[in-house]
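The structure appears below as structure tokens.
Protein chains in written order, with UniProt numbering: chain A, 1 to 383; chain B, 1 to 383.
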């Protein structure tokens, strides 16, 4: 069943699909040296692949995202996918024109193989027996999916944050499959500060006795530690400015409590985000995915974006003024490297107060840039 | 016994003293409405009070500091006080000329009354029965100590961070006792972002089962939660730039571990800081002091620094370029308010990459500003 939108008022319906590969004895070799298989990737597609298979766009999700990028999973589904403002018919990533693919990353917990999956060797969830995966491994697995879909060149790859790292990794590792690329709010190498925040989040989980060295499936799991880890994340996704606007010093109740239940609206917000996350995310997946981000370094052994094969690839690099997790100077490093190839690079720093989260929020400037860029690529490649 | 420095090579010896007041039934009333007593403040003095008692400088310590501001507690003492680069004979706060006082804050855990002190009513440590204290309460207690020392006007008050909040609180509440003031790396009101980081640190402690609702004295205490809380703090005390310089992506060992033991030097640094803190600080004190900082708002009900009594007080306001916890715009708010009084305000944003910690680190520009300012005040007031 294809996604469908009968008219502009009916919800765009999508479904989660699965692709399994690397069945033993053909397991996939990982950067760490281990072999992993079988591997399942959960994915979603929107729009129709054209006859010459030239209109495919791969969207790469950020750390806590999943394959459900846009539309609704059922008519009653109250929440659309995570980038529904960006992806859909008539939207910047226009699914009436492009064939959009989004898969849950390797190591994730939303249908793809990860630490909560069953290890066939033991019949129990992997837990910490899951091998360490890198961004390169995630991309390696996505390549199997794209091959399976019969697509030899992706018209565009789009992703923000950890999704942007995957875009860049694709460019470095499979440049001949990259028609164009939009890495946003991302970096070529995880900074010491970003590693530090991730490590504190991991320590918060591992400090929770219920984590039990990763072996908690079937039990309650490290709910307290995971909530604290998520709260740390949320502070880094916003910005001083965004928090001032959004919460200021406004109280949650009428007066100061003089106790430790939380007085300020910003505290209630964090508690809420922490609690919500515990219900939808696996703590071990957080450990593995943050580690993959920390290991990400496209500059190791020479800048891997400096590659002749990227000379004719159009790039749109986007950063946001208030993003202090992956600040604009890090996007400029991407631009510099690509310019050495003579690549066709556009760069825009968007004025936005949303912090790192800005790439996920509705923003007309962002919409215009993405739709204009894709329109140009589409006309050059597909017509 | 007075602190002594026989010659420039001998260590400057200091001792911790105690002052107890508010003995029942004369307990001190707190902002939260509770009465607390007896109250002990641990304090240290350096230098000699002059005949007309006009050369006293009160130094207010930051969140995790203590009364031991400079010098050594014994000849064998390996570590000097926390601001030894700033305070001592011939140093910017020159103890051969000034009489320096530093007391551990109310709610602390280094000799002053706090949640780990014995509640005389029960014969057991207060734990969460300790009443919530505010920055105003801390200053109220310090006022008792200054009265006890027979000092009617302080030549200067100096403090950074939470110490700077106390400086400003002194100015608002006891302006007639303030000869001059140097608030550094601080704010008139804790921002939503700063509250957010504090709340995540508190949640890390309270999520640790060993915290046991604050009742852990005599047992192990929430060591894991406290270490995580401290790591969060340390990330906010540095800066992206400082971390890049200090650690970059350098590994702790020779190669990536592909496990969760920590690969990068920045991770080892955080682990070390977390572990060290657990040995010297009380988790409940962290809860109380961070809460006092979060409650701090000198702008509530009209800016409390706008006060005629401060018209003739010289101020030196200092911020640091890389301090993103209390960014320069927050120091400018202090300057604006004081200018409305016609106060004699000097303001300097010091170029420094150390982040919020910059005020504690050796810095020639800072040294010159502080020593020049104090010299002028000394000549105006004491000669």
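Each residue gets a CB set at the ideal place from its N, CA and C atoms; glycine is no exception.
Listed by chain order, chain B residues near residue i by CB distance under 8 angstroms
i              : result
residue 42(A)  : The contacting residues do not exist; residue 42(A) stays about 25 angstroms from chain B at best.
residue 291(A) : 260
residue 38(A)  : Ordered by position in chain B, no residue passes the 8 angstroms Cβ test against residue 38(A), which lies about 21 angstroms from the chain.
residue 228(A) : 200, 203, 204, 207 and 228
Under 8 angstroms from the C-beta of residue i: neighbouring residues of chain A
i              : result
residue 259(B) : 132
residue 206(B) : 260
Pair within 8 angstroms by beta-carbon distance, residue i and residue j
i              : j              : result
residue 177(A) : residue 57(A)  : no
residue 314(B) : residue 112(B) : no
residue 289(A) : residue 63(A)  : yes
residue 270(A) : residue 231(A) : yes
residue 346(B) : residue 316(B) : yes
residue 296(A) : residue 190(A) : yes
residue 222(B) : residue 310(B) : no
residue 386(B) : residue 227(A) : This structure cannot settle anything about residue 386(B), because the visible part of chain B is limited to 1 through 383.
residue 208(A) : residue 219(A) : no
residue 373(A) : residue 185(A) : no
residue 47(A)  : residue 96(A)  : yes
residue 160(A) : residue 284(A) : no
residue 327(A) : residue 240(B) : yes
residue 237(A) : residue 164(A) : no
residue 70(B)  : residue 106(B) : no
residue 188(A) : residue 168(A) : yes
residue 390(A) : residue 264(B) : This structure cannot settle anything about residue 390(A), because the visible part of chain A is limited to 1 through 383.
residue 293(B) : residue 162(B) : yes
residue 443(A) : residue 137(A) : Nothing in the structure corresponds to residue 443(A), since chain A is present only between 1 and 383.
residue 390(A) : residue 365(A) : In the structure as shown, chain A begins at 1 and stops at 383. Residue 390(A) is therefore absent and cannot be evaluated.
Contacts of residue i in chain A (Cβ-Cβ under 9 angstroms)
i              : result
residue 184(B) : Those within 9 angstroms of residue 184(B) in chain A number zero; the least Cβ separation is about 19 angstroms.
residue 319(B) : Simply none; closest approach about 14 angstroms.
residue 327(B) : 240
Chain A contact for residue i (CB, 8 angstroms cutoff)
i              : result
residue 109(B) : no
residue 354(B) : no
residue 1(B)   : Any answer about residue 1(B) is weak, because its pLDDT of 38 lies below 50 and its placement is not dependable; what the coordinates show is given next. No, its Cβ sits nowhere closer than 8 angstroms to a Cβ of chain A.
residue 382(B) : no
residue 165(B) : no
residue 4(B)   : Confidence at residue 4(B) is low in this model, with a pLDDT of 46, below 50, so its placement is unreliable and the value that follows should be read with caution. False, the Cβ-Cβ gap to chain A never drops below 8 angstroms.
residue 28(B)  : no
residue 142(B) : no
residue 287(B) : yes
Rounded Cβ spacing between residue i and residue j (contact assumed at less than 8 angstroms)
i              : j              : result
residue 32(A)  : residue 258(B) : 4 angstroms
residue 100(A) : residue 146(A) : Not confirmed; about 13 angstroms, so no contact.
residue 92(A)  : residue 323(A) : Actually they do not touch by this definition, with Cβ atoms about 19 angstroms apart.
residue 183(A) : residue 34(A)  : Incorrect: roughly 28 angstroms between the Cβ atoms, too far for contact.
Amino acids of chain A, ordered along the chain, whose beta-carbon sits closer than 7 angstroms to that of residue i
i              : result
residue 202(B) : 260
residue 232(B) : 200 and 232
residue 256(B) : 295
is_contact[residue i, chain B] using C-beta, thresh 8 angstroms
i              : result
residue 375(A) : no
residue 264(A) : yes
residue 220(A) : no
residue 93(A)  : no
residue 32(A)  : yes
Contact set between residue i and chain B, taken where Cβ atoms lie within less than 7 angstroms
i              : result
residue 196(A) : 235, 243, 266 and 270
residue 168(A) : Ordered by position in chain B, no residue passes the 7 angstroms Cβ test against residue 168(A), which lies about 16 angstroms from the chain.
C-beta neighbour in chain D for residue i, strict 8 angstroms
i              : result
residue 225(B) : Of the protein chains in the structure, A and B, none is chain D.
Listed by chain order, chain B residues near residue i by CB distance under 9 angstroms
i              : result
residue 248(A) : 191 and 192
Which residue spans inside the region 92-169 of chain B form an unbroken beta strand (DSSP E) run of at least 3? 99-103 and 156-160
Continuous alpha helix (DSSP H) assignments of at least 4 residues falling wholly in the region 274-359 of chain B: 283-295 and 328-340
Would you mind listing the alpha helix (DSSP H) stretches within the region 234-275 of chain A that are 4+ residues and don't spill past its ends, in chain order? 240-246
To test your reading of the DSSP string, which unbroken beta strand (DSSP E) runs of 3 or more residues are found completely within the region 22-84 of chain A? 39-46 and 56-60
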